[in-house]
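Residue numbers (numbering that gives the first Met the number 0), protein chains in the order written: chain H, 0 to 304; chain V, 0 to 489. Where is the CB? At the ideal position from N, CA and C, for every residue including glycine. Just so you know, these numbers come straight off a predicted model, no measurement behind them. Report on the following structure.
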Amino acid sequence: MEYFLQQLINGLTLGAIYGLIAIGYTMVYGIIGMINFAHGEIYMIGAFVSVISFLVLGAAGITWVPLAVAVVLVVSMLFTAVYGWTIERIAYRPLRGSTRLAPLISAIGMSIFLQNYVQLVQGARVKALPPVISDVIVIMVREDGFKVSISYLQILIILLTFALMVGFTQIILRTSLGRAQRACEQDMKMASLLGVDVDKTISQTFVMGAALAGVAGVMVTMYYGVIDFYIGFLAGIKAFTAAVLGGIGSLPGAMLGGLTIGMIEAFWSAYFSVEYKDVAAFAILVLVLIFRPTGLLGRPEIEKV
Amino acid sequence: MTGGGAETINFKSALREAAIAGGLALLLTLPLIGLKTIETSHGLVIQPHFADVAVTVLLVFMGRLGLVLAATGLGWPVLAIAGAVTAAGWLVPFPTDALRWLDIAGGGVVAIFASLALRSSRVGFDQAERDRRMDRIGARLQDASRLIGPAAVLFALALPMLPFANRGVVDLGCVLLSYIMLGWGLNIVVGLAGLLDLGYVAFYAVGAYSYALLAQTFGFGFWLCLPLAGVFASLYGLMLGFPVLRLRGDYFAIVTLAFAEIVRMVLLNWTSLTNGPVGIAAIPRPSFFGIADFTNSPAEGRLAFHQMFGLDYAPIHRIIFLYYVILALALVVNFFTLRIRRLPLGRAWEALREDDIACTALGINSTNIKLAAFAIAGMFGGFAGAFFASRQGFISPESFTFIESAIILAIVVLGGMGSQVGVVIAALLVVGLPEAFRDLAQYRMLAFGAGMVLIMLWRPRGLLAHRDPTILLHVRKSARQQQAESEARG
Numbered sequence: 000m001e002y003f004l005q006q007l008i009n010g011l012t013l014g015a016i017y018g019l020i021a022i023g024y025t026m027v028y029g030i031i032g033m034i035n036f037a038h039g040e041i042y043m044i045g046a047f048v049s050v051i052s053f054l055v056l057g058a059a060g061i062t063w064v065p066l067a068v069a070v071v072l073v074v075s076m077l078f079t080a081v082y083g084w085t086i087e088r089i090a091y092r093p094l095r096g097s098t099r100l101a102p103l104i105s106a107i108g109m110s111i112f113l114q115n116y117v118q119l120v121q122g123a124r125v126k127a128l129p130p131v132i133s134d135v136i137v138i139m140v141r142e143d144g145f146k147v148s149i150s151y152l153q154i155l156i157i158l159l160t161f162a163l164m165v166g167f168t169q170i171i172l173r174t175s176l177g178r179a180q181r182a183c184e185q186d187m188k189m190a191s192l193l194g195v196d197v198d199k200t201i202s203q204t205f206v207m208g209a210a211l212a213g214v215a216g217v218m219v220t221m222y223y224g225v226i227d228f229y230i231g232f233l234a235g236i237k238a239f240t241a242a243v244l245g246g247i248g249s250l251p252g253a254m255l256g257g258l259t260i261g262m263i264e265a266f267w268s269a270y271f272s273v274e275y276k277d278v279a280a281f282a283i284l285v286l287v288l289i290f291r292p293t294g295l296l297g298r299p300e301i302e303k304v
Numbered sequence: 000m001t002g003g004g005a006e007t008i009n010f011k012s013a014l015r016e017a018a019i020a021g022g023l024a025l026l027l028t029l030p031l032i033g034l035k036t037i038e039t040s041h042g043l044v045i046q047p048h049f050a051d052v053a054v055t056v057l058l059v060f061m062g063r064l065g066l067v068l069a070a071t072g073l074g075w076p077v078l079a080i081a082g083a084v085t086a087a088g089w090l091v092p093f094p095t096d097a098l099r100w101l102d103i104a105g106g107g108v109v110a111i112f113a114s115l116a117l118r119s120s121r122v123g124f125d126q127a128e129r130d131r132r133m134d135r136i137g138a139r140l141q142d143a144s145r146l147i148g149p150a151a152v153l154f155a156l157a158l159p160m161l162p163f164a165n166r167g168v169v170d171l172g173c174v175l176l177s178y179i180m181l182g183w184g185l186n187i188v189v190g191l192a193g194l195l196d197l198g199y200v201a202f203y204a205v206g207a208y209s210y211a212l213l214a215q216t217f218g219f220g221f222w223l224c225l226p227l228a229g230v231f232a233s234l235y236g237l238m239l240g241f242p243v244l245r246l247r248g249d250y251f252a253i254v255t256l257a258f259a260e261i262v263r264m265v266l267l268n269w270t271s272l273t274n275g276p277v278g279i280a281a282i283p284r285p286s287f288f289g290i291a292d293f294t295n296s297p298a299e300g301r302l303a304f305h306q307m308f309g310l311d312y313a314p315i316h317r318i319i320f321l322y323y324v325i326l327a328l329a330l331v332v333n334f335f336t337l338r339i340r341r342l343p344l345g346r347a348w349e350a351l352r353e354d355d356i357a358c359t360a361l362g363i364n365s366t367n368i369k370l371a372a373f374a375i376a377g378m379f380g381g382f383a384g385a386f387f388a389s390r391q392g393f394i395s396p397e398s399f400t401f402i403e404s405a406i407i408l409a410i411v412v413l414g415g416m417g418s419q420v421g422v423v424i425a426a427l428l429v430v431g432l433p434e435a436f437r438d439l440a441q442y443r444m445l446a447f448g449a450g451m452v453l454i455m456l457w458r459p460r461g462l463l464a465h466r467d468p469t470i471l472l473h474v475r476k477s478a479r480q481q482q483a484e485s486e487a488r489g
C-alpha cells in the first residue's frame, strides 16, 4: 500500500510533465492536422535553456529559490516560444495546403536538425545540475521503515501543471484568441472568410504549445537533474502517445493521457521491469490506436468521400 | 514585396525586415550558442561565446537584407557583395568552422538568388512555375531512364574494374547500394501502396539479427540464411500489419515508428539472446556461394577463392564479391517493382494509394493488399539486413535507431515517391554526399536535417515526382509527349 502510494505520487509527477508536452501536440494536431515532430526537441531546448539560466543566475548571485525558479520558467518559456514560432514560420507555413506527407517530412528534418544543432553547440555529454529544491515531506512510514514522501518539487510540478491547465483552458474557452483557434480547428477556410487571421492563429498555437513544452523542460531539469540533447525524441513520442490516448484535439484529454502514461510508466518500472518501461508506453499507444482510435475523450472522425 | 524590377527601392522596409530577422537570430542563438555549458570537475560552468552570436546575427541580417534588396531590383550590387562575402569565408578568420560554412553557404545562396533575380527580374519562381519546370525535368528523366538505367547498371557492373576503384570506392559503392536497395524496398510500401512507414529499419534489424543468430548458433551459411532472414522479416511485417493496417495517415506512421522502437528495445534488453547493447561480433562472412572461402589460409578441406581462380590472395576480392551481391540484390528489388506494377497486385497498390475508399467499394480487399505490400517490402528489408550483418561482421541495436528509418524515408520521399530513378538520385545525395565529405562528419546530420526541410520547401512532392501512369488506354506514348499534351490542355 505504501509502496503503491509512493509510485502514484511519482507517476503523477511524471504524468504532469508528459501532459504539458502533449498539449502542444494536441493543439497543433487539432488545428492543422499534422504531427509536429519537432515538438519534443522544443522541450529539449527548454531543458537546455533552463540549465543555462540556472547557471547564469547562480553566477549572478541570485540564490533565493522561488525567484530563481520563476525567472528560469519565464526565460525558458520565452525562448522556446521563439523557437516554436520560428519553426512554424520556416518549416511548416510554406507547406500549408501541400501534400499530406510534406509537413511531416519537414518536421522530421527539423527535429534532426535541432537535435544536432544542440549537440554541436552544447556538446554531446550529459549535463548534470545539482538539485535546486530538495526538501521532502514524509507522509507515511511503513513498519519496516519504508517512507512515503512527496518532495516540494513534486508538489510544485503538480500544482504548476494544474494552474497552467486551468489557465490555458480558460484562454481557449474565453478569449478571442481561443475562439479563433476553435474556429480554425473546425473549418479553416470558413474562419478566414469570416475575418479570422488563420496564419496568426496558427502561429499563436505553436507559441503556446512551445511555451508549455518549455515549462516541461524546466520541470524535467529540476526533477531529474540530468539532461542531454537526445531527451526530446523519447519524451516527444510518449507525449504524442499521451495526446492520442486522451483523444487528439482535446486539452483535458492530453492531460489525462499524460497522467495515464506517467502512471503506467511508474507502476511498470516499480512492479515489472525498468528496462521495458518504454516498451510499455509504446504498447499502450498501439493498443489504444487499434481499439479506440479516437482516444478516451476524443470525437470520432467522420470521413467524407 | 517581390514585385518587378521597376519598383522603387524601399531601403527602410528592407532594413526593417532584415532587422527583424537579425533580432530573431539573436533570440534563437543567444542562450544556446552564446552561453555554452562546459563540464568541469566541480560541476557545470558557463563559457560565453558572444562573438559567435554576433557573427551569426550579422550574417542573418545581411542575408535577409540581400534577399529583400535583390527582389526589389538591386541585383548587381547584391550579387557583388554576396560574392565578396562568400569569398571572405575563405580569407577572414571566423570564430568557428561552422560559422565559416554558414557564411559560404549563405553568401552562395544570396548570390544565386541575386543572379536569378537579374535574369528574370524577380526573385525565384513561384511554386507553380517551379513545379512545372521540375515536372518537365522529371518527365524528361523518366523518359531518359530507359537509356540511363541500363547505362547506370553497366557502370555499376564495371565499377570494381575501373582504375580509380580502390577499397574505399568499392566500400562506398556497397553502402550506397544498400541504401538504394532499402529505398526501393520502402518505395513499395510508401511509393506504391501509399502507406507512410516510419519504422522500416525494424525489418532491417530483424534481417540482420536473424542472420547473425542463425549463423552463430547453428552455423548456417550466408546463402541459406539470406532467404531465412527474408522470411523472418516478412513474418514480422505480417505480424505488424494485422493490427496496424486498420489505421490510416499519421496514426499509421506513428504506430510503425512505435513498433520499430519496440523492436529496438527488445534487442537492447533481451540480453540472453541478442547480447544487449554490446551487440553481436564475429558474424561469419559470406562464402563464394558455399564453394570457396575468402581467406588466405582456408580451413581443412575447404577451398580458397584465390586458389580456385588461380589468383594471388587479396582482401579486396571479398569486398568486390560483396559489392556484386548487393548490386544483384538491389537489381532484383528494382526488377521486381517494375514488373509487379503491371500485375493486378501492383495495380491494386497504386489504386489504394490514390483512393482507399473507392478501392474498397470496388471490392478490393484492402487489408490483404496492404499486408502483401508490407510482407514483400519487409522481405527486401530483411535481405538488406542480412547483407549488412555479413558485411559489417558486427551488429548492435545502435545501428537500428529511428534516424536510419528517417534516412531511408528521406531517400524515398526526396526522390519523389514511386520513382525508381528518384530513389537512386536521392540516395546519392543523402548518403553519397555526406560519405564523400567525411571531414565534416560532425555537421553531417545537421546538414541532413536542414536539407530535408529545404528540399521539402523547395519541392514538396519530391525531386522527381513524376507519376507515369501505369496503365494506358491505347498506345504507349513517351512521357514527354504526354507532358506536352497535358500542358496544351491545361
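Proximity to residue i [Cα-Cα], best of the options
| i | options | result |
| --- | --- | --- |
| Thr39/V | Arg124/H, Val27/H, Leu233/H | Arg124/H |
| Met462/V | Asn364/V, Gly42/V, Ser12/V, Gln141/V | Per the sequence presented here, residue 462/V reads as Leu, with Met not at that position. Per the Cα distances, Gln141/V. |
| Gly345/V | Arg129/V, Ile37/V, Val188/V, Met264/V | Val188/V |
| Met180/V | Ile424/V, Leu361/V, Ile454/V | Ile424/V |
| Gly190/V | Pro76/V, Gln441/V, Phe387/V, Lys369/V | Lys369/V |
| Glu274/H | Asn274/V, Ser209/V, Trp269/V | Trp269/V |
| Gly166/H | Ala182/H, Lys126/H, Pro251/H, Val120/H | Pro251/H |
| Ser49/H | Val214/H, Leu4/H, Ala15/H | Val214/H |
| Leu351/V | Leu427/V, Leu244/V, Ala383/V | Leu244/V |
| Asp96/V | Gly448/V, Arg341/V, Ala440/V, Leu453/V | Ala440/V |
| Gln118/H | Ile37/V, Ile410/V, Leu427/V | Ile37/V |
| Tyr116/H | Trp183/V, Leu158/V, Ala87/V, Ala449/V | Ala449/V |
| Asn165/V | Ile319/V, Ala81/V, Leu234/V | Ile319/V |
| Glu397/V | Asn274/V, Val91/V, Phe219/V, Ser144/V | Asn274/V |
| Val54/V | Trp100/V, Ile80/V, Ala79/V | Trp100/V |
Euclidean distance between Cα positions of residue i and residue j
| i | j | result |
| --- | --- | --- |
| Leu286/H | Val254/V | 10 angstroms |
| Arg390/V | Phe112/H | 30 angstroms |
| Asn186/V | Arg129/V | 25 angstroms |
| Val197/H | Gly29/H | 14 angstroms |
| Ser271/V | Gly224/H | 32 angstroms |
| Leu256/V | Leu197/V | 5 angstroms |
| Val59/V | Asp186/H | 37 angstroms |
| Val122/V | Ser114/V | Confidence is the limiting factor: at Val122/V the pLDDT is only 47, short of 50, which leaves the residue's position unreliable and the question unanswerable from this model. |
| Phe161/H | Tyr151/H | 15 angstroms |
| Leu237/V | Ala374/V | 6 angstroms |
Closer than 8 angstroms to chain H by CB, residue i
| i | result |
| --- | --- |
| Met133/V | no |
| Ala116/V | no |
| Glu128/V | no |
| Phe401/V | yes |
| Thr36/V | yes |
| Glu349/V | no |
| Leu246/V | yes |
| Val422/V | no |
| Gly377/V | no |
| Val122/V | Model confidence at Val122/V stands at a pLDDT of 47, short of 50, so the residue's coordinates are unreliable; what they give is reported in the following sentence. Closer than 8 angstroms: no. |
Whole-number beta carbon distance between residue j and residue i, since they are thought to touch under 8 angstroms
| i | j | result |
| --- | --- | --- |
| Gly381/V | Val205/V | 6 angstroms |
| Val452/V | Ala101/H | Actually they do not touch by this definition, with Cβ atoms about 10 angstroms apart. |
| Ala209/H | Thr25/H | Their Cβ separation, rounded to whole angstroms, is 14 angstroms, which puts Ala209/H and Thr25/H out of contact at 8 angstroms. |
Contact with chain V by residue i, beta-carbon distance below 8 angstroms
| i | result |
| --- | --- |
| Phe271/H | no |
| Gly261/H | no |
| Glu87/H | no |
| Thr204/H | no |
| Thr98/H | yes |
| Tyr82/H | yes |
Q) Name the residues in the region 116–134 of chain H whose C-beta lies less than 9 angstroms from a C-beta of chain V; which are they? A) Tyr116, Val117, Gln118, Leu119, Val120, Gln121, Gly122, Arg124, Val125, Lys126, Ala127, Leu128, Pro129
Q) In chain order, what residues of the region 193–205 of chain V put their CB closer than 7 angstroms to some CB of chain B? A) Within the model displayed, chain B is absent; protein chains H and V are what it includes.
Q | chain V contacts made by the region 14–44 of chain H, where a contact means CB separation under 9 angstroms | A | Tyr28, Gly32, Met33, Ile34, Ile44
Q: Closer than 9 angstroms, Cβ to Cβ, to anything on chain V: give me those residues from the region 263–294 of chain H, in chain order.
A: Ser272, Glu274, Tyr275, Asp277, Val278, Ala280, Phe281, Ala282, Leu284, Val285, Leu286, Leu288, Ile289, Pro292
Q | the region 101–117 of chain H: positions lying closer than 9 angstroms to chain V by Cβ | A | When CB distances to chain V are screened at a threshold of 9 angstroms, the residues of the region 101–117 of chain H falling below it are Ala101, Pro102, Leu103, Ile104, Ser105, Ala106, Ile107, Gly108, Met109, Ser110, Ile111, Phe112, Leu113, Gln114, Asn115, Tyr116, Val117, in chain order.
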